[in-house]
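Report on the structure given below.
2 protein chains.
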Amino acid sequence: MSRPTIDDVARLAGVSIATVSRCLHTPDIVAAKTRERVLGAVRETGYNLNAAAQSLRSRRANTVLVVVPDIGNTFFSEILGGIEREASAAGLTMLIGNSGRSKTREEVYVRYLLNGRADGALLLAEPKARWSDIPVRAEQRAVPIVTISEVGSDFGPLTVSIDNAAAAEAAVQHLISLGHRRIGHVCGPENNILTAQRLQGYRRALDKAGLRHRPEFELPGSFGLDSGRAAFARFIKLADRPSALFFANDEMAMGFLSTASAAGIQVPRDLSIIGFDDIHFAQTCIPALTTIRQPRSEMGAAGMRLLLSVLAGEAPVPVRLPFELVVRGSTAPP
Amino acid sequence: MSRPTIDDVARLAGVSIATVSRCLHTPDIVAAKTRERVLGAVRETGYNLNAAAQSLRSRRANTVLVVVPDIGNTFFSEILGGIEREASAAGLTMLIGNSGRSKTREEVYVRYLLNGRADGALLLAEPKARWSDIPVRAEQRAVPIVTISEVGSDFGPLTVSIDNAAAAEAAVQHLISLGHRRIGHVCGPENNILTAQRLQGYRRALDKAGLRHRPEFELPGSFGLDSGRAAFARFIKLADRPSALFFANDEMAMGFLSTASAAGIQVPRDLSIIGFDDIHFAQTCIPALTTIRQPRSEMGAAGMRLLLSVLAGEAPVPVRLPFELVVRGSTAPP
DNA sequence: TTGTATGCGTTATCAG
DNA sequence: CTGATAACGCATACAA
Chain A
44 MSRPTIDDVA RLAGVSIATV SRCLHTPDIV AAKTRERVLG AVRETGYNLN AAAQSLRSRR
104 ANTVLVVVPD IGNTFFSEIL GGIEREASAA GLTMLIGNSG RSKTREEVYV RYLLNGRADG
164 ALLLAEPKAR WSDIPVRAEQ RAVPIVTISE VGSDFGPLTV SIDNAAAAEA AVQHLISLGH
224 RRIGHVCGPE NNILTAQRLQ GYRRALDKAG LRHRPEFELP GSFGLDSGRA AFARFIKLAD
284 RPSALFFAND EMAMGFLSTA SAAGIQVPRD LSIIGFDDIH FAQTCIPALT TIRQPRSEMG
344 AAGMRLLLSV LAGEAPVPVR LPFELVVRGS TAPP
Chain B
44 MSRPTIDDVA RLAGVSIATV SRCLHTPDIV AAKTRERVLG AVRETGYNLN AAAQSLRSRR
104 ANTVLVVVPD IGNTFFSEIL GGIEREASAA GLTMLIGNSG RSKTREEVYV RYLLNGRADG
164 ALLLAEPKAR WSDIPVRAEQ RAVPIVTISE VGSDFGPLTV SIDNAAAAEA AVQHLISLGH
224 RRIGHVCGPE NNILTAQRLQ GYRRALDKAG LRHRPEFELP GSFGLDSGRA AFARFIKLAD
284 RPSALFFAND EMAMGFLSTA SAAGIQVPRD LSIIGFDDIH FAQTCIPALT TIRQPRSEMG
344 AAGMRLLLSV LAGEAPVPVR LPFELVVRGS TAPP
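Read top to bottom, the protein sequences are chains A and B. Take this note's numbering: the last position of the first sequence gets the number 377, and nothing is skipped along the way. Take this note's numbering: the last position of the second sequence gets the number 377, and nothing is skipped along the way.
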């Protein structure tokens, strides 16, 4: 059996297709009696609106595009959870694109906006492709692009972020307040805005405490488990080792911790470590990881709400969410 | 400026819209000279096909729906990665729905198929809603629904899975071969097919080794970190404790491990533990977690390929993927 | 309150 | 090889 169309419903109910359409969208402007008959016919036929036809006619896809650098990464997938919640509450569907932080792949998704597959986009990483300059249909307003998490200072009002520099500073300040004086930092990947912001916060905390910067204490990293392990290899070779380490994210801290532990370094007795993000598994480390919590789910939700507000014609207001220092077992006085 | 349509391109190139369409889909049947002119006009206007119009006319959405129980969960998001890879390679877009294992929410997504938003679906959990009986347009074949991971014995050919019972058996067999005789199991959530299959494998391994079943060694769980912690609370109260524990998934094992460790229980000296899944962070446990690896990314990819093959009209062949015992530090002789 | 008729931007079927 | 033209299924301005 073929799918019923609006014509089938209209025929069965003995009305015009216009009335059927009205029953579905503006039920109150149709007579109660007619409405009942139509709705009955809808049920009887098992009718469903055709999304393509509706979208073609109404010039809206009722869909948002979400571009994520790595969909398999738990950090991003938790943001996705928040987005999904708000999107489905608003009756929007969520199209997901995995960019792998590649400009080329990102450009594929720009096209989703160009061909009207989505009404707006949520970017969970610094945009690499040109997301601006998306031509708009005559009667329509600009296509909103909201950036979440990886937000520079010049990204405009469609952004959701925490104050990464301040958060990093708070993390390092925590170590300082415990009495640490030799504090290292394992950085994020190069050319990433978060890396710069967290490094800045780290340095600022040192400055404020009158501690000097030691370049050999700033270890390279790339947010992955491996780079945490690599950081341990560099750490262990240091002549004069830090007594505490601030990691630009939890995953590196966890990679470091497991390697360090296997090598007989005891945390926090021999070394304090603090991460960033408070991912789900940070609490299962042994010892549990002290870290900075980012409200990931809420960040996603806020981004979606921001997008919705713009779609509704409101003026966008950038969202700054609070972070939180979560003290667990991996930090202690030196 | 409004978005260019096929008419704009046709006008600029001085051809009919039919020719433009042909240049885009079957370039070889149009004269080289015309083609060049048209493609030039396409570039000049910045033309993009309108997805809705195309989908309406061609009766295909070029989209697959993926329904996942919890998008924030790392286990599923890694499967998503594999799906995304294959989907984007095939030029399909990926629509994601979060079901929360709720029938009602799942039904929302069934509708995506009904209204033509997607051409097929990939389910990462046991279907709760009615996914069969989806009416099909006259000239079209049935809408394919592929189930990944949570696959019962009666799910038909559109499935991708590992042999969970055999994998569980292998896990327990590993413990037995180390010399363990008192082996417990922390189960998955009730009414889940994986729970049943893994429990079955656990019992089978005991049977084969001539070990008796001890109901008090089968602890309840629900795949979450918390239930791992709860399992520890029950474990510690046991008069006669198991010397080894097989967990129905890694997350519970990790929850257990961190609690146990905080309570002074040393793994594997006091107790061996083995998980299931080999999630990304299983290697960062201290000690690193022995577990059964499921090829998550490959499972997603295989599911997508299966769906594609059905869409291409081929006869579906159920996919059974190999699991692998990954021995790390959390298991040792008693 | 309801019906008629047009168009949204494509693809595909015809002729030419 | 190319051009008219008719759907695809729906929403809405306009009439009644």
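All residues carry an ideal CB built from backbone N, CA and C; glycine is no exception.
Take every Cβ of the segment 318-335 of chain B, pair it with every Cβ of the segment 250-265 of chain B, and state whether three or more of those distances are shorter than 8 Å. no
Beta-bridge partners of Ser204/B, as assigned by DSSP: Along the second sequence, one-based indexing puts residue 204/B at 161. Paired residue(s): Arg363/B.
I need the boundaries of the beta strand (DSSP E) containing Ala287/B, first residue and last residue. Position 244 of the second sequence, counting from 1, holds the residue named residue 287/B. Its beta strand (DSSP E) spans residues Ala287 to Phe290.
Return no unless some Cβ of chain A is closer than 8 Å to the Cβ of Phe324/B. Counting from 1 along the second sequence, the entry for residue 324/B is found at position 281. Judged by the 8 Å Cβ criterion, Phe324/B is in contact with chain A.
Quick one: which unbroken beta strand (DSSP E) runs of 3-plus residues sit fully inside the segment 282-357 of chain B? Chain order, please. 287-290, 315-317 and 334-336
Among Lys146/B, Ala210/B and Leu268/B, which has the Cα closest to the Cα of Leu237/B? Translated into positions along the second sequence, residue 237/B becomes position 194. When only C-alpha atoms are compared, the closest one is Ala210/B.
What is the rounded straight-line gap between the Cα of Gly384/B and the Cα of Pro187/B? Nothing about residue 384/B can be read from this structure; chain B reaches only from 44 to 377.
Would you say Leu123/A faces chain B, with C-beta separation under 8 Å as the test? Position 80 of the first sequence holds residue 123/A. Yes, its Cβ sits closer than 8 Å to a Cβ of chain B.
Just to confirm the assignment: which complete beta strand (DSSP E) runs, minimum length 3, are found wholly within the segment 178-261 of chain B? 188-191, 202-204 and 226-229
Alpha carbons only, please: which of Ala61/B, Leu156/B and Thr147/B is nearest the one belonging to Ala104/B? The residue you call residue 104/B lines up with position 61 of the second sequence. The candidate whose alpha carbon is nearest that of Ala104/B is Leu156/B.
With DSSP as the reference, label Ala164/B as helix, strand or coil. Your numbering for residue 164/B matches position 121 in the second sequence. Looking at Ala164/B - three-state DSSP - the assignment turns out to be strand.
Answer yes or no: do Asp50/B and Leu354/B have a C-beta to C-beta separation smaller than 8 Å? Sequence index remark: in the second sequence, residue 50/B carries index 7 (1-based). Sequence index remark: in the second sequence, residue 354/B carries index 311 (1-based). Against a cut-off of 8 Å, the Cβ pair of Leu354/B and Asp50/B comes out as no contact.
Could one say the Cβ of Asn93/A lies closer than 8 Å to chain B's Cβ atoms, at least one of them? Here the question's residue 93/A lines up with position 50 in the first sequence. Yes, contact with chain B.
If contact is defined by three or more beta carbon pairs under 8 Å, each pair taking one atom from either stretch, is the segment 311-325 of chain B in contact with the segment 250-261 of chain B? no
Is it a yes or a no for the segment 358-366 of chain B touching the segment 138-155 of chain B, going by three-plus beta-carbon pairs under 8 Å? no
Mapping the DSSP letters down to three states, classify Thr374/B as helix, strand or coil. On the second sequence, residue 374/B is found 331 positions in, with the first residue counted as 1. Reduced to three states, the DSSP call for Thr374/B is coil.
Check whether the segment 97-111 of chain A and the segment 91-108 of chain B touch, using three or more Cβ-Cβ pairs below 8 Å as the test. yes
Could you give the DSSP three-state label for Leu92/B: helix, strand or coil? Here residue 92/B refers to the residue found at position 49 of the second sequence. If DSSP states are grouped into helix, strand and coil, Leu92/B belongs with coil.
Cutting at 7 Å between CB atoms, please list the residues of its own chain near Glu150/B, excluding the five before and the five after it. Position 107 of the second sequence holds residue 150/B. Ala172, listed in sequence order.
Same chain, Cβ closer than 6 Å to Gln216/A, neighbours up to 5 away in sequence not counted: Numbered from 1 along the first sequence, position 173 holds the residue referred to as residue 216/A. Excluding residues within five positions, the ones whose Cβ falls inside 6 Å are Ala248.
Outcome for Pro112/B when other beta-carbon atoms lying within 10 angstroms are tallied against a minimum of 16: In the second sequence, counting from the first residue as 1, residue 112/B sits at position 69. Flag for Pro112/B reads buried.
Pairing CB atoms from the segment 68-86 of chain A with CB atoms from the segment 78-90 of chain B, are three or more of them under 8 Å? no
Mind pulling the chain A residues with CB within less than 7 Å of Ser29/B? Since the first residue of chain B shown is 44 and the last is 377, residue 29/B is not available in this structure.
Does the contact criterion of 3 or more C-beta pairs under 8 Å hold for the segment 106-124 of chain A versus the segment 114-128 of chain B? yes
Taking the DSSP output, what are the residues bridged to Thr106/A? Start at 1 with the first residue of the first sequence, and residue 106/A comes out as number 63. Partner(s): Thr136/A.
Can you find a C-beta in chain A that's less than 8 Å from the C-beta of Met137/B? Locating residue 137/B in the second sequence gives position 94, counting from the first residue. So yes, Met137/B belongs to the interface.
Ala61/A lies in the alpha helix (DSSP H); which residues open and close that run? Counting from one through the first sequence, the residue named residue 61/A turns up at place 18. It spans Ile60 to His68 - the alpha helix (DSSP H) in which Ala61/A sits, taken as one unbroken run.
Close beta carbons around Ala287/A, own chain, < 6 Å, minus the five adjacent residues each side: Position 244 of the first sequence, counting from 1, holds the residue named residue 287/A. The residues are Leu218, His223, Ile226 and Ser315.
Need the endpoints of the alpha helix (DSSP H) that Val153/A sits in, please. Your numbering for residue 153/A matches position 110 in the first sequence. Lys146 to Leu157 is the span of the alpha helix (DSSP H), which, as asked, contains Val153/A.
In three-state terms, what does DSSP make of Phe111/A? As a position in the first sequence, residue 111/A is number 68, starting the count at 1. Checking the displayed sequence, the identity of residue 111/A turns out to be Val instead of Phe. Val111/A: strand per DSSP, three-state reduction.
Grab me the residues of Thr334/B's own chain with a C-beta within less than 7 Å of its C-beta, minus the 5 sequence neighbours each way, in chain order. Numbered from 1 along the second sequence, position 291 holds the residue referred to as residue 334/B. So the qualifying residues of the chain are Asp293, Ile317, Gly318, Phe319, Asp320, Asp321, Ala325 and Val369.
CB contact flag (Arg160/B, Thr106/B, <8 Å): Start at 1 with the first residue of the second sequence, and residue 160/B comes out as number 117. Start at 1 with the first residue of the second sequence, and residue 106/B comes out as number 63. In contact: Arg160/B and Thr106/B (Cβ atoms closer than 8 Å).
Short check: CB of Ile126/B to CB of Gly346/B, under 8 Å? Position 83 of the second sequence, counted from the start, is the residue given in the question as residue 126/B. Position 303 of the second sequence, counted from the start, is the residue given in the question as residue 346/B. Yes.
At a threshold of 7 Å, does Ile329/A count as lining the ligand SAH (C-beta to nearest heavy atom)? With respect to the ligand SAH, the structure shown offers nothing to examine, as it has no ligands at all.
Can you name the residues of chain B whose CB is closer than 7 Å to the CB of Gly159/A? The residue labelled residue 159/A in the question sits at position 116 within the first sequence. Ordered by position in chain B, the residues that pass the 7 Å Cβ test against Gly159/A are Asn93, Ala94 and Ala95.
For Arg86/A, count neighbouring C-beta atoms within 10 Å of its own C-beta (all shown protein chains included) and say buried if the count is 16 or more, exposed if not. Within the first sequence, numbered from 1, the residue matching residue 86/A stands at position 43. By the 10 Å Cβ count, Arg86/A comes out exposed.
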